[in-house]
Amino acid sequence: MKRLELRDISKSFGALEVLAGISLHVAAGEFVSILGPSGAGKSTLFQLLTGALKGEGDMRFDGAPLDGSPFAFMPQRDALMPWRRVIDNVTLGLEVQGVSRRAAREQVAPLFAEFGLAGFERSWPAELSGGMRQRAALLRTVVQQRDMLLLDEPFGALDALTRAAMQRWLEGMWRRHRWTALLITHDVREAVYLSDRIYLMSARPARIISEIAVPLQRPRTTGSDAARQAAALEADILDTLLNPGVDRASFPQTAQRRSS
Amino acid sequence: MAFAIAKTIPAAIAFALILAAWEVYARYGGVAPTMLPAPSRVLLQAWENRAALAENTLPTIRATSAGFACSLVAAFVLSALVDFLAPLRRALFPLLIVSQTLPLVAIAPLIVLWFGFGLMPKILLVALVTFFPMMVALVEGFAATSTEISQMLAAMGAGRWRIFWLARLPSALPYFFAGLRISITYAVVGAIFAEYAGAAKGLGIYMLNAKNNFRPDLVLAAVAVSAALTLILFGIAVLVQRLAMPWENAGSDSDDRKRSGESRQ
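So the protein sequences, as listed, match chains G and B. The numbers in the working numbering rise by one with no breaks, and the one at position 170 of the first sequence is 170. If you want the working numbering, it's the position in the second sequence, counting the first as 1, plus 260.
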């Protein structure tokens, strides 16, 4: 069942065409990534989804035109408020929804252990490491209990080791919770490791140049067979991204567009 | 704590050396005490005239705090308005900058002429010299709010007022306190200037009278009192900042806690 469906989404800022006919869909319980070069307009797409920008095209959620925000949005970097303690950062979305501060705290407190943040409820964000900050930001996102998660390069600012650890952790969390999620990233390995499907986006004006199903089994093990498979997939994706225009017949599910 | 005290030692030594040099020069340099009184004499005369000094200090404190309170409220209200209505900024800022170019020496007697010898002209002058740094700091502070936090709040469904309250106001606090520390050092000087131009009581008029009576020791005694007032106000501002922004010093000395948290992954 399609949860989110975008048809022919376009967006220009004056003469600058950023998105040129993006079509994609995300099924319920599916983890989908949009992979593309920096500055391609990936974040613009999220801003259209959250309503911060208006564009052209058809956006549907559960079959109906997108109305209000069924999304919980996790921005680039962590956007934790330095003046709020960790627990008050996590409850922010609930507070905005009108839940009292006390009820919101009671609701999120049991989740701290699962997110590796037990004992840090009363800390300031500045006292957390990069990985912990990202986990707090993700916790803040999921406690909003929206229908779908939008993750905008959540691990882009982390060092390589912490990022790898966070990807493993997120994959484990996703297996347990089966969130419907759309991830923006420019990290090929991250996209392959986390996703069920990947949309490859071209440089600006952005189009979907390819759609790739990730056949790797879950949990995403580190065994040699799986690793070889993943590496081959990553190499293919890199080829596609770095040499647009060459024949991509090797991807059976390629949904190639050449509009406008 | 011991470290904080240790940090003030160089300043204390420098201050003591200057006073000592002054004392020696005033005593043995052949200068008349009506020209340059020694610090010891200033202190002694301040003590002997403590009743008169205290009587004139209270109105100055009153004028300073009333003027500063008005200035503070006005800065918050106007900066918030400017934040919500961008055209207002373009209308107001040139006026505010012009207000800072007015020479106080010329404006103080005029304001006394227009508003009399009461509290009003003092409040106005204190506000005139203290308002601008706070206003500018607040407006810049609101604008310094991280766009990611604003966008995230908007995606959560927060309206403009909610975003102002939850994100823009707290984001502006460090800027505000920087402006506050600057403007609070002008506050007492502003009040004294207003009193100098005309008042029944106050440190400003006390200084004027002492000067006219050829008592530089009493002028300096009043100067010492006004300096002490400013230092106290500055200290209060720093203290309020500590209390209002407890997160400011977080994160510097907690590496051990970070590591223990990381191992729990």
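For each residue, glycine too, the CB sits at the ideal point set by N, CA and C. Small disclaimer: the values here were computed from a predicted structure and weren't measured.
By the criterion of a C-beta distance shorter than 6 angstroms, Leu-4 of chain G is surrounded in its chain by Val-26, Phe-61, once the five residues flanking it on both sides are discounted. When the beta-carbon positions are compared, Ala-447 of chain B and Val-386 of chain B come within less than 8 angstroms of each other. Residue pairing by DSSP places Thr-185 of chain G opposite G:Leu-35 in a beta bridge.
Taking a Cβ-Cβ cut-off of 7 angstroms, the neighbours of Ser-406 of chain B in chain G comprise Ala-79, given in sequence order. Contact residues of the region 109-129 of chain G toward chain B are Gly-116, Phe-120, Trp-124, Ala-126, Glu-127, Leu-128, Ser-129 (C-beta to C-beta distance below 7 angstroms). One thing to note: Ala-329 of chain B has its Cβ no nearer than 8 angstroms to the Cβ of Ala-451 of chain B.
Annotation: the continuous alpha helix (DSSP H) that includes Phe-453 of chain B extends over 429-457. For Phe-391 of chain B, the uninterrupted alpha helix (DSSP H) segment begins and ends at 379-403.
Taking all protein chains in view, the Cβ of Asn-309 of chain B is crowded by 16 or more other Cβ atoms within 10 Å, so the residue is classified as buried.
The C-beta distance from Pro-82 of chain G to Trp-124 of chain G rounds to 7 angstroms, short enough to fall under 8 angstroms. The contact set of Gln-501 of chain B on chain G, defined by CB atoms closer than 7 angstroms, is empty, because the minimum CB distance reaches about 13 angstroms. Checking the DSSP bridge columns, you'll see Val-26 of chain G partnered with G:Leu-4. Runs of the beta strand (DSSP E) lying entirely within the region 58-133 of chain G and spanning at least 3 residues, in chain order: 71-74. For chain B, the residues of the region 56-70 of chain G that bring a beta carbon within less than 7 angstroms of one of its beta carbons are Ser-69, in chain order. A Cβ of chain G is located within less than 8 angstroms of the beta carbon of Leu-413 of chain B. Put simply, the CB of Phe-73 of chain G is near chain B, with a gap under 8 angstroms to one of its CB atoms. DSSP places Glu-234 of chain G in the helix class (H, G or I) of the three-state scheme. Counting every other CB atom within 10 Å of its CB across the protein chains shown gives Arg-146 of chain G a total of 16 or more, marking it as buried. Here the alpha carbons of Ser-129 of chain G and Gln-501 of chain B stand approximately 26 angstroms from one another. Ranking G:Ala-72, G:Gly-223, G:Leu-200 by CA distance to the CA of Leu-238 of chain G puts G:Leu-200 first.
Listed along chain G are Gly-68, Ser-69, Gly-93, Val-96, Gln-97, each with a C-beta nearer than 9 angstroms to that of Gly-417 of chain B. Between Ala-203 of chain G and Ala-79 of chain G the beta-carbon gap is near 26 angstroms, outside 8 angstroms, which marks them as no contact. Think of a sphere of 8 angstroms around the beta carbon of Ile-321 of chain B: no beta carbon from chain G falls inside it, the nearest being about 32 angstroms out. About 6 angstroms separates the beta carbon of Thr-44 of chain G from that of Leu-19 of chain G, a gap short enough to meet the 8 angstroms contact definition.
Using a CB distance below 9 angstroms, the part of the region 421-432 of chain B facing chain G consists of Arg-422, Leu-426, Ala-427, Pro-430, Ser-431, ordered along the chain. With a beta-carbon spacing of about 6 angstroms, Ser-431 of chain B and Ala-404 of chain B fall inside the 8 angstroms limit used to define contacts.
Ranked by Cα distance from Leu-194 of chain G, the first of G:Leu-24, G:Asp-8, G:Ser-12, G:Ile-34 is G:Ile-34.
What Gln-144 of chain G touches in chain B, judged by beta-carbon distance under 8 angstroms, is Met-416, going in chain order. Within chain G, the residues Pro-82, Ser-123, Trp-124, Pro-125, Ala-126, Glu-127 have their CB atoms less than 9 angstroms from the CB of Ala-510 of chain B, given in chain order. For Thr-50 of chain G, a Cβ of chain B is located within less than 8 angstroms of the residue's own Cβ. Secondary structure of Asp-196 of chain G (DSSP, three-state): coil. Here Arg-220 of chain G has Glu-171, Tyr-193 as same chain residues with Cβ atoms under 6 angstroms from its own Cβ, once five neighbours each way along the sequence are excluded.
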